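Residues in the sequence shown are numbered from 1 upward in steps of one, following the working numbering.
All C-beta atoms in this analysis are idealised placements derived from N, C-alpha and C, irrespective of residue type, glycine included.
No experiment lies behind these values; they were computed from the predicted model shown.
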Amino acid sequence: MDGADLSLWDPWTGEALGSLLTGQRPGINGLAFSPGGGLLAAAGDDGALRLWDAASGRLLAGLLDGGAGGGATSAAFSPDGSLLAAACEDGSLRLWLVRGS
């Protein structure tokens, strides 16, 4: 597996705005931007959940490692950005309080 790039595009002009997560391994099953656009949560196909700074592409936290069948399949932020939720393979829903929201 070579990894994958995640690029941001302007939907109105079709112009590439930049790349995040260049060479990301493994592939990505689900993405969620925080309401203000500053954070990006990525649920990998390995079940890991990672939190990124959307502007710099810097990894801020590895929230789940995907082990023991409880890995993340999708993620979503609350409307005010204060919570991050992940639906997991084991049927659970996990929540994190997002700092600085």
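Proximity below 8 Å, CB of L60 to CB of W96: Indexing the sequence shown from 1 puts residue 60 at position 60. Indexing the sequence shown from 1 puts residue 96 at position 96. No, they are not a contact pair.
R99 classed as buried or exposed, judged by whether at least 16 other C-beta atoms fall within 10 angstroms: Reading the sequence shown from its first residue, position 99 is the one you call residue 99. So R99 ends up on the exposed side.
Buried or exposed (CB count within 10 angstroms, at least 16 for buried), W9: For this step, residue 9 is matched to residue 9 along the sequence shown. With fewer than 16 Cβ atoms within 10 Å of its Cβ, W9 is classed as exposed.
Alpha-carbon to alpha-carbon, S56 and S74: Within the sequence shown, the letter at position 74 stands for residue 74. Within the sequence shown, the letter at position 56 stands for residue 56. Straight-line Cα distance between these residues: approximately 22 Å.
Straight-line Cα distance separating G91 from S19: Position 19 of the sequence shown, counted from the first residue, corresponds to residue 19. Position 91 of the sequence shown, counted from the first residue, corresponds to residue 91. Computed Cα separation, rounded: 32 Å.
Per DSSP, cross-strand counterpart(s) of R94: Reading the sequence shown from its first residue, position 94 is the one you call residue 94. Answer is A86.
4-residue-minimum alpha helix (DSSP H) runs that sit fully inside the stretch 24-83, ordered along the chain: none
Contact under 8 Å by Cβ, A86 with L49: As a first step, residue 86 is located in the sequence shown; it is residue number 86 there, counting from the start. As a first step, residue 49 is located in the sequence shown; it is residue number 49 there, counting from the start. Closer than 8 Å, so yes.
Expected contact under 8 Å - CB spacing of A43 and W52 to nearest Å: Your numbering for residue 43 matches position 43 in the sequence shown. Your numbering for residue 52 matches position 52 in the sequence shown. Actually they are not in contact, since the Cβ atoms of A43 and W52 sit about 12 Å apart, beyond 8 Å.
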